[in-house]
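A.B. asks:
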């Protein structure tokens, strides 16, 4: 039971803290330095080198990044697929803030619908211990309609590659048009064991007694990437799973492309 609860707490945490709000997402979005001017170096290799060599948030904020959305997405693709040396959290957070500041928080159900894989997260001090310990495991947060006909986002932690995962369904209230905040409630949670699939056995679902409420701020949303902040202070960046393949991350078009240095490639 203790193990199940720890696993479930991590699944729920990327969605929302399920406690009273602890932080303001607006306060967490510290602005990087102003956008690049035409006289500042903007070549891709120079951008990559600056971000790769940045030792702290101040150095990362000082880098000229003309296309932060593309740079963040491409880095996450390459790092996830090629397992290159990661950037510091301060550098990735700097890119996240740049993307957020260039867009208004907004929620669009048609755009956000479907499958998403967690590619980067930054845990705040208020994060649960289990969230920090189990963060390296593959995680998904998919927007769908569940078996009861309720629109939810389904948080999944893949405990093992094929057989064991923890699932939490979170119902949400669509926000007003000018807001990106989803008020959320856990409506179901279970430990799922996939055994005997070659015999046609259905997965065994063991219910987990977790209920709670919280909120999730959608601070950036496109068809390929989304950035969210939970009320416990965590920051989460998801990409579409189809982008996390070698072909998508490293397309062959008569040459190389993408921020190679940030992926650990030279």
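Residue numbers (our numbering): -10 to 255. Note that beta-carbon positions come from the ideal geometry of N, C-alpha and C, so glycine has one too. Everything numeric in this text was worked out from a predicted model, so none of it was measured.
(1) Quick one, which of 125, 154 and 105 has its alpha-carbon nearest residue 193's?
(2) In three-state DSSP terms, what is residue 145?
(3) If you reduce the DSSP assignment to three classes, tell me which class residue 108 lands in.
(4) Could you spell out where the alpha helix (DSSP H) holding residue 88 opens and where it closes?
(5) Using the DSSP secondary-structure output, state which residues sit across from residue 194 in a beta bridge.
(6) When DSSP builds the beta bridges, which residues end up paired with residue 96?
(7) Name the one or two DSSP bridge partners that residue 217 has.
(8) Is the beta carbon of residue 47 sitting closer than 8 Å to the one on residue 76?
(9) Straight-line CA distance for residue 174 to residue 191?
(10) Specify whether the segment 91 to 98 and the segment 124 to 131 touch according to this definition: at least 3 beta carbon pairs, one from each stretch, less than 8 Å apart.
(11) With C-beta atoms as the reference, is residue 232 less than 8 Å away from residue 110?
(12) Can you check DSSP and say which residues form a bridge with residue 157?
(13) For the segment 212 to 232 and the segment 77 to 94, state whether three or more C-beta atom pairs, one from each stretch, are separated by less than 8 Å.
C.D. replies: Working from what's here:
(1) 154
(2) strand
(3) strand
(4) 78 to 90
(5) 181
(6) Beta-bridge pairing links residue 96 to no other residue.
(7) 207 and 225
(8) no
(9) 27 Å
(10) no
(11) no
(12) 144 and 178
(13) yes
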